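Chains as they are written, first to last, in the working numbering: chain A, 3 to 264; chain B, 13 to 277; chain C, 83 to 340. Inspection log for the structure reproduced underneath, given as structure tokens.
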Amino acid sequence: MNGAPLSFRETVAWGTLGVVLFVGLWTLLTASGIVPRQFLPTPLDVIQRMLHLMTSPFAGATLPQHLASSFQRYAVGVLLAALVGVPLGLLMGWFRLLDDIVTPIFDGLRFIAPIAWVPFAALWFGTGIGGPVMIIFAGAFPPCLINAYRGARFVEPRLIEAARMLGTGNTRTILEILLPAATPSIVSGLRVSAGLGWQSLVGAELIVAAAGVGFMMVQAQANVATPTVMAGMIAIGIVGMIIDVLLRQGEGWLRRRRGLEA
Amino acid sequence: MGSIRFDHVDKVFGPNTGGIKALEDINLKIGEKEFVAIVGPSGCGKTTCLRMVAGFDAPSAGVVSVSGKPVTAPGPDRAVVFQQFALFPWKTVRENIELGLRNKNLPAGERADLVANALKLMNLESHAAAFPHQLSGGMQQRVAIARAYVLDPEVLLMDEPFGALDAQTRVVMQEELVRLARVNPRTVLFITHAVEEAVYLADRVAIMTRRPGRIKEVLDIRAIRQAENWDKHPRIEDVMDLESFVHLRTQIWKSLREEKGANVI
Amino acid sequence: MLGRRTWIGLATVLAIVVTWFLLTTITGMVSGGRFPSPAEFWASFRQITGRGYAGGDLLQHALHSLKLVVMGFAVAIATGVPLGLWMGWSRKVEAAINPVFLVIRPIPPLAWIPLAILWLGLGDAAKIMVIWFSAFVPSVINSFTGVRTIDRPILEAARMLGTPRLRMVTEVIAPAAAPMIFTGLRLSLQASWTTLVAAELVGALVGVGFVLNMAQQDLYPGMILVGMVTVGVLGWGTTKLLAMAEQRALAWNVAARD
């Protein structure tokens with residue numbers, strides 16, 4: 003590395019420089035007319051549109067309403083992925099036979115981008131809530147499964163042996179040894195899942211939904227309402243960030259409680 | 013050939029945030045082709061002394077100079093052998109040794125000769141094309157020593173070079189270093205916490221105190237070494253059995269132990 | 083000799099095929115309108131490899147998608163890796179770029195698709211742009227982390243040997259960060275495929291995603307399955323190629339040898 007860590011002041015100074023350059027260049031390009039405003043609105047245009055969308059509807063709903071319907075699907079999809087993925091992963095970590103059966107299926111499906119499930123999702127569950135939920139599920143499922151599996155498979159063998167020595171049965175071992183031991187791994191998996199699920203949601207809504215932020219953006223794109231498209235991007239970014247921050251907090255709390263980190 | 017000089021050197025870490033005084037008023041002169049070992053308890057700042065000569069750290073006060081010139085930055089005139097070997101894992105043994113010579117912009121023919129010599133010197137000829145991970149720890153440290161020697165540096169800085177090796181390999185490498193010092197004498201600053209190693213290898217041994225590190229005393233071993241004819245013994249264990257060796261070792265141990273006792277109270 | 087795992091794996095695959103056959107063809111529990119039977123799948127495959135579907139045969143669609151992924155991925159590597167290395171090397175650059183990154187990073191790459199279409203239309207350029215954006219972030223982050231986690235003695239050894247600046251980057255920093263860079267590239271490649279398929283589903287004139295899109299609109303399950311299998315095969319093939327490149331490039335790396 004080049005030199006020592008920067009002081010707080012220097013960090014702020016260089017950071018401000020970066021942001022000023024970025025926003026400045028954006029404003030310069032748009033306000034001067036080098037780039038037509040229709041293509042790239044000024045930062046101010048986007049903020050104004052965002053505020054406007056808070057109260058007045060576009061594509062059938064206001065921005066908060068779109069966000070609410072997006073979030074609803076998202077929550078259902080991620081929850082389903084966790085409810086199916088985590089137990090399956092744990093069981094795979096415990097029962098070798100299940101591992102040997104599921105792993106080849108999983109490996110076969112792994113290389114299919116989750117978004118490629120869109121046509122079947124639409125065909126099977128429609129474009130209302132079911133289709134998008136399935137896409138979110140497809141995106142969020144793998145990390146849930148993999149992390150629960152790894153957490154259970156690589157649990158400290160002494161713990162299992164200790165449980166055995168105490169005469170603990172299969173079910174109790176899974177619930178009281180494997181699950182708690184794998185929890186940190188499961189939680190990091192859930193965090194990754196949440197991120198991928200949010201990403202899949204956007205994809206799903208761009209393609210098959212009839213409401214939601216993604217749908218709003220596609221409609222805006224068709225109407226060449228660039229500020230609305232960008233307002234949607236920012237809203238998606240903010241919500242995604244909030245989800246991530248909350249889950250990080252939860253993960254940190256859990257790790258501290260377990261004494262894994264100071 | 014180079015000499016090393018510490019002149020009233022202080023080192024404070026984190027001077028902006030309260031600061032920990034690591035070194036206090038270090039004064040030490042190492043003459044040309046002299047082998048000086050610094051021993052001291054862990055955390056006493058002996059490695060920091062070496063890092064200042066290397067140019068990785070700068071003194072907070074005082075001057076560190078090599079051959080009369082104050083040290084400002086790292087450079088190939090002060091070759092370092094690291095405890096963790098610090099070989100480039102993506103380069104073969106030959107490429108590791110050659111890098112410093114390429115940095116000096118030597119012509120290819122000359123480089124090849126020098127590398128060949130260094131490989132021969134360290135008995136590495138059959139491993140020239142191997143990657144570091146294919147070698148044992150002892151072999152890796154041979155490569156690191158060859159990489160340093162090939163630069164023909166003014167001074168050689170060795171930071172607990174055998175600290176990461178197992179006991180047997182360590183003995184072999186110590187004997188090897190004595191052999192090397194005889195064939196090709198250098199100015200060496202050698203850091204270690206192993207007292208035997210220091211007594212066996214060095215012309216003079218500097219003993220450091222706990223933090224803040226100061227140089228407590230410097231023992232000259234040359235006279236005893238010559239009088240007792242240590243160098244006639246080919247094996248380290250024979251030297252270590254000599255009464256004169258045992259006596260020196262005990263003297264240093266006591267000096268270090270007093271230091272610990274004084275700090276416990 | 084095949085191991086226990088392989089036997090169970092083969093048995094599983096066989097069981098799936100038999101079940102598929104049973105459900106769709108023999109008992110008819112799953113109707114052809116929901117999921118294709120093996121015969122329908124085969125017929126769709128024959129159709130798209132022979133006569134063609136959605137304006138081209140399978141090879142044309144697949145190659146077109148592959149071309150876009152490779153191009154977007156290449157642009158992302160060419161920009162992301164140097165930027166990540168630079169940020170890792172200079173704390174000032176890191177401090178300047180981090181806040182901008184912090185704002186842009188939470189926006190999922192797929193959310194750029196409408197904007198890309200607005201700017202560049204339904205052609206190749208829009209797809210390359212979104213693939214670039216989605217593959218860019220993992221490349222930057224992992225290259226950055228790669229530099230920051232280089233063992234200090236390695237850097238000090240290089241400085242001690244008097245290594246000049248440019249050589250420091252090409253012969254020390256870049257190779258030392260290479261294992262992490264490759265981790266980033268794997269993630270980037272995955273992101274590239276996801277983004278491409280999504281972008282082609284949203285709007286395209288040719289490509290695997292377009293096949294999926296047409297098949298969805300034609301309510302043609304056989305072709306949907308063909309499209310999905312193609313996506314999987316392409317993703318698998320490119321991942322394998324990348325892994326081979328990694329093994330070649332990192333032959334010195336102990337961790338990468340198995």
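Every residue gets a Cβ at the ideal spot worked out from N, C-alpha and C, and that includes glycine. All figures in this text were calculated on a predicted structure; none of them were measured in a lab.
Test: residue i CB closer than 7 Å to a CB of chain C
{"i": "proline 86 of chain B", "result": "yes"}
{"i": "tryptophan 16 of chain A", "result": "yes"}
{"i": "alanine 98 of chain B", "result": "yes"}
{"i": "leucine 8 of chain A", "result": "yes"}
{"i": "valine 25 of chain A", "result": "no"}
{"i": "valine 217 of chain B", "result": "no"}
{"i": "proline 101 of chain B", "result": "yes"}
{"i": "valine 22 of chain A", "result": "no"}
{"i": "threonine 267 of chain A", "result": "Because chain A is modelled from 3 through 264, residue 267 of chain A falls outside the range shown and cannot be assessed."}
{"i": "valine 265 of chain A", "result": "A query on residue 265 of chain A cannot be resolved here, the shown segment of chain A reaching from 3 to 264 and no further."}
{"i": "valine 276 of chain B", "result": "Confidence at valine 276 of chain B is low in this model, with a pLDDT of 38, below 50, so the placement of that residue should be treated as unreliable; the coordinate-derived value is given next. Not one chain C Cβ lies under 7 Å of valine 276 of chain B."}
{"i": "phenylalanine 68 of chain B", "result": "yes"}
{"i": "arginine 260 of chain A", "result": "no"}
{"i": "phenylalanine 174 of chain B", "result": "no"}
{"i": "alanine 115 of chain A", "result": "yes"}
{"i": "phenylalanine 47 of chain B", "result": "no"}
{"i": "phenylalanine 25 of chain B", "result": "no"}
Reduced DSSP category for residue i - H, G, I as helix; E, B as strand; rest coil
{"i": "phenylalanine 68 of chain B", "result": "coil"}
{"i": "serine 58 of chain A", "result": "coil"}
{"i": "histidine 20 of chain B", "result": "strand"}
{"i": "threonine 170 of chain A", "result": "coil"}
{"i": "alanine 49 of chain B", "result": "strand"}
{"i": "threonine 13 of chain A", "result": "helix"}
{"i": "arginine 339 of chain C", "result": "Residue placement at arginine 339 of chain C cannot be trusted, given a pLDDT of 44 that sits under 50; the coordinates are not used to answer."}
{"i": "valine 76 of chain B", "result": "strand"}
{"i": "phenylalanine 103 of chain B", "result": "A small correction: the amino acid at residue 103 of chain B is lysine; phenylalanine does not occupy that position in the sequence shown. Of the three classes helix, strand and coil, the one that applies to lysine 103 of chain B here is coil, per DSSP."}
{"i": "asparagine 39 of chain B", "result": "strand"}
{"i": "arginine 247 of chain B", "result": "coil"}
{"i": "leucine 147 of chain A", "result": "helix"}
{"i": "glutamate 229 of chain B", "result": "strand"}
{"i": "alanine 325 of chain C", "result": "helix"}
{"i": "glycine 138 of chain C", "result": "strand"}
{"i": "serine 172 of chain C", "result": "strand"}
{"i": "arginine 187 of chain C", "result": "coil"}
{"i": "methionine 3 of chain A", "result": "For methionine 3 of chain A, the predicted model reports a pLDDT of 48, less than 50, meaning its position is unreliable; a value from the coordinates is still stated below. Looking at methionine 3 of chain A - three-state DSSP - the assignment turns out to be coil, as it is neither helix nor strand."}
{"i": "arginine 90 of chain B", "result": "strand"}
{"i": "isoleucine 36 of chain A", "result": "coil"}
Cross-chain neighbours of residue i in chain C, by beta carbon under 9 Å
{"i": "threonine 41 of chain A", "result": "For clarity, residue 41 of chain A is phenylalanine in the given sequence; the question names threonine instead. Leu200 and Trp201, listed in chain order."}
{"i": "isoleucine 36 of chain A", "result": "The contacting residues do not exist; isoleucine 36 of chain A stays about 14 Å from chain C at best."}
{"i": "glycine 112 of chain B", "result": "Met242, Leu243, Gly244 and Thr245"}
Chain C contact residues for residue i, given Cβ-Cβ distances below 8 Å
{"i": "glutamine 74 of chain A", "result": "Simply none; closest approach about 18 Å."}
{"i": "lysine 116 of chain B", "result": "Gly244"}
Neighbour flag for residue i against chain B, beta carbons, 7 Å
{"i": "proline 257 of chain C", "result": "yes"}
{"i": "alanine 338 of chain C", "result": "Only weak support is given to the placement of alanine 338 of chain C: the predicted model assigns it a pLDDT of 44, under 50, and the value that follows is read from those uncertain coordinates. So, not an interface residue."}
{"i": "glycine 91 of chain C", "result": "no"}
Proximity test, Cβ basis, 7 Å: residue i and chain A
{"i": "leucine 294 of chain C", "result": "yes"}
{"i": "threonine 312 of chain C", "result": "no"}
{"i": "arginine 87 of chain C", "result": "yes"}
{"i": "tryptophan 318 of chain C", "result": "yes"}
{"i": "valine 151 of chain C", "result": "no"}
{"i": "alanine 297 of chain C", "result": "yes"}
Within chain C, the residues that residue i reaches when beta carbons sit closer than 7 Å
{"i": "phenylalanine 122 of chain A", "result": "Ile306"}
{"i": "glutamine 201 of chain A", "result": "Pro190 and Leu192"}
{"i": "alanine 91 of chain B", "result": "Met242"}
{"i": "threonine 13 of chain A", "result": "Ala177"}
Interface residues of chain A facing residue i [CB-CB closer than 9 Å]
{"i": "valine 95 of chain C", "result": "Pro106, Ile107 and Gly110"}
What are the residues in the segment 215-246 of chain C lying within 8 Å of chain B by C-beta distance?
Residues Asp233, Pro235, Ile236, Glu238, Ala239, Ala240, Arg241, Met242, Leu243, Gly244, Thr245 and Pro246.
Tell me which residues of the segment 101-133 of chain C have at least one Cβ-Cβ distance to chain A shorter than 9 Å, keeping chain order.
From the segment 101-133 of chain C, only Gly115, Arg116 and Phe117 have a Cβ closer than 9 Å to chain A.
Against chain B, which members of the segment 169-197 of chain C pass a CB distance test of less than 8 Å?
So the list is empty, because no residue satisfies the distance condition.
Whole alpha helix (DSSP H) runs in the segment 283-322 of chain C with 4 or more residues, listed along the chain?
Here the runs fully enclosed are 290-299.
4 or more residues per run - each alpha helix (DSSP H) lying fully within the segment 156-225 of chain B
As summarised for the segment 156-225 of chain B, the continuous alpha helix (DSSP H) elements at least 4 residues long and confined to that stretch are 179-195 and 207-213, given in chain order.
Which residues of the segment 218-233 of chain A have a Cβ closer than 8 Å to any Cβ of chain C? Give them in chain order.
Answer set for the segment 218-233 of chain A: Met219, Val220, Ala222, Gln223, Val226, Thr228, Val231 and Met232.
Which residues of the segment 253-286 of chain C have a Cβ closer than 9 Å to any Cβ of chain B? Give them in chain order.
Per Cβ criterion, the list reads Glu253, Val254, Pro257, Ala258 and Ala260.
Can you give, in chain order, each stretch of the alpha helix (DSSP H) that sits fully within the segment 186-240 of chain C and has at least 4 residues?
With a minimum length of 4 residues, the continuous alpha helix (DSSP H) runs that stay inside the segment 186-240 of chain C are 195-202 and 206-230.
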